[in-house]
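Residue numbers (the working numbering): 85 to 429.
The beta-carbon is built from N, C-alpha and C at its ideal position, and this holds for glycine as well.
These numbers come from a predicted model, not from an experiment.
The structure appears below as structure tokens.
Next up, the structure:
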């Protein structure tokens with residue numbers, strides 16, 4: 085018979101340490117609790133000397149004290165959380181850099197930035213999930229949010245809803261990113277350099293049609309009324325797909341291609357070169373985003389440089405909207421574009 089040993093007696097729980105409070109910080113720093121609150125909440129309306137601020141922060145660090153977000157929200161009547169739903173589309177380095185700048189600028193204004201992914205939910209359904217977190221502001225990338233979703237967010241306490249996309253949404257502030265100008269810049273450049281059979285890469289990845297469709301339309305607008313033609317080229321971001329497109333390149337008769345962005349340009353350029361297509365002699369190539377890797381290619385990649393607002397500008401808009409929730413929604417066109425010509429075109 086197998087004997088099962090008795091388990092050892094459970095160890096006694098370690099004594100719990102009391103959670104430090106603002107009163108503890110005040111005693112250690114030799115100031116009032118109000119001063120602690122002003123310093124740690126970055127209150128602007130109260131003048132406190134820098135040595136006092138430093139003493140309070142050092143006391144808070146020594147004790148391991150952090151302000152209670154929920155309590156602060158109750159005192160202020162709203163939270164300081166800015167919610168940024170995760171985009172439903174693949175993001176590249178340019179967008180990531182813009183978001184990082186924005187987060188840093190909002191943190192300096194004493195907002196807590198939270199990125200949030202909603203699995204399975206979309207459009208106004210997702211807005212209900214965001215509203216559960218009671219953010220003071222929501223920044224929504226891309227298209228999808230409608231007036232009903234904006235209303236849900238505002239009823240939950242959101243003072244500002246800002247969309248970053250091609251169209252305005254009733255009740256929300258809008259940063260309008262018209263990607264037609266990106267395609268138009270590329271198409272005009274290729275036409276001006278003598279190209280007349282222009283291919284335009286349209287990514288097959290889900291979610292990118294919000295950007296690829298206006299870029300394609302922009303190329304078509306740039307050559308409308310001329311002898312040039314535009315050919316749409318669906319392409320997955322895979323080596324095999326690029327190789328397949330390159331294998332039939334000469335039968336397509338194209339002398340130029342706008343590749344949607346620099347990442348697709350790198351993918352397709354390599355496939356074209358492997359297929360013996362000379363760049364730019366047989367086919368000119370133009371990307372978009374002006375990534376550093378494009379300058380390391382041979383030939384160096386021509387590209388469309390996108391001009392986005394600074395993170396500080398958007399942070400200031402959010403802060404202004406939070407402080408003035410009754411103000412009329414603002415709409416700003418924020419996307420500019422210019423061609424950087426290099427060796428590939």
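For a quick check, are the C-beta atoms of residue i and residue j less than 9 angstroms apart?
| i | j | result |
| --- | --- | --- |
| residue 292 | residue 256 | no |
| residue 166 | residue 219 | yes |
| residue 267 | residue 299 | yes |
| residue 301 | residue 275 | no |
| residue 273 | residue 423 | yes |
| residue 193 | residue 411 | no |
| residue 233 | residue 212 | yes |
| residue 221 | residue 415 | no |
| residue 271 | residue 314 | yes |
| residue 392 | residue 124 | no |
| residue 336 | residue 343 | no |
| residue 326 | residue 372 | no |
| residue 390 | residue 420 | yes |
| residue 320 | residue 358 | no |
| residue 402 | residue 260 | no |
| residue 198 | residue 186 | no |
| residue 383 | residue 409 | no |
Count the other CB atoms within 10 Å of the CB of residue i; is the residue buried (16 or more) or exposed (fewer)?
| i | result |
| --- | --- |
| residue 184 | exposed |
| residue 394 | exposed |
| residue 246 | buried |
| residue 163 | buried |
| residue 188 | exposed |
| residue 121 | buried |
| residue 265 | buried |
| residue 287 | buried |
| residue 426 | buried |
| residue 142 | exposed |
| residue 102 | exposed |
| residue 290 | exposed |
| residue 116 | exposed |
| residue 303 | buried |
| residue 108 | buried |
| residue 180 | exposed |
| residue 204 | Confidence in residue 204 is poor, its pLDDT being 49 and thus under 50, which makes the residue's placement unreliable; the coordinate value appears in the next sentence. The residue in question, residue 204, is exposed, as its Cβ has fewer than 16 Cβ neighbours within 10 Å. |
| residue 158 | Note on residue 158: pLDDT 49, under 50, position unreliable in the model; no value is reported. |
| residue 369 | buried |
| residue 349 | buried |
| residue 236 | buried |
| residue 140 | buried |
| residue 328 | exposed |
Closest by CA to residue i, which one among the options?
| i | options | result |
| --- | --- | --- |
| residue 169 | 359, 118, 258 and 200 | 200 |
| residue 196 | 213, 151 and 178 | 151 |
| residue 133 | 119, 296 and 143 | 119 |
| residue 378 | 428, 214 and 408 | 428 |
| residue 339 | 198, 367, 374 and 358 | 367 |
| residue 388 | 182, 131, 380 and 375 | 375 |
| residue 253 | 231, 216, 260 and 237 | 231 |
| residue 238 | 413, 421 and 419 | 413 |
| residue 332 | 421, 224, 361 and 198 | 361 |
| residue 406 | 359, 323, 223 and 349 | 223 |
| residue 312 | 324, 397, 341 and 329 | 341 |
| residue 381 | 359, 396, 347 and 397 | 347 |
| residue 440 | 329, 138 and 131 | Only positions 85 to 429 of the chain appear in the structure, and residue 440 is not among them; the question remains open. |
| residue 110 | 131, 144, 130 and 135 | 144 |
| residue 251 | 295, 148, 131 and 182 | 295 |
| residue 297 | 309, 316 and 308 | 316 |
| residue 210 | 171, 182 and 191 | 171 |
| residue 148 | 318, 106 and 396 | 106 |
| residue 32 | 190, 269, 135 and 136 | The structure shown has nothing for residue 32, since the chain only spans 85 to 429. |
Contained beta strand (DSSP E) runs [length at least 3] in the stretch 235–279, N- to C-terminal order: 244–249 and 257–260
Sufficient close CB pairs (3 or more, under 8 angstroms) joining the stretch 278–294 to the stretch 230–246: no
Residue ranges of each alpha helix (DSSP H) within the stretch 310–394, 4 or longer: 323–331, 333–336, 346–358 and 376–380
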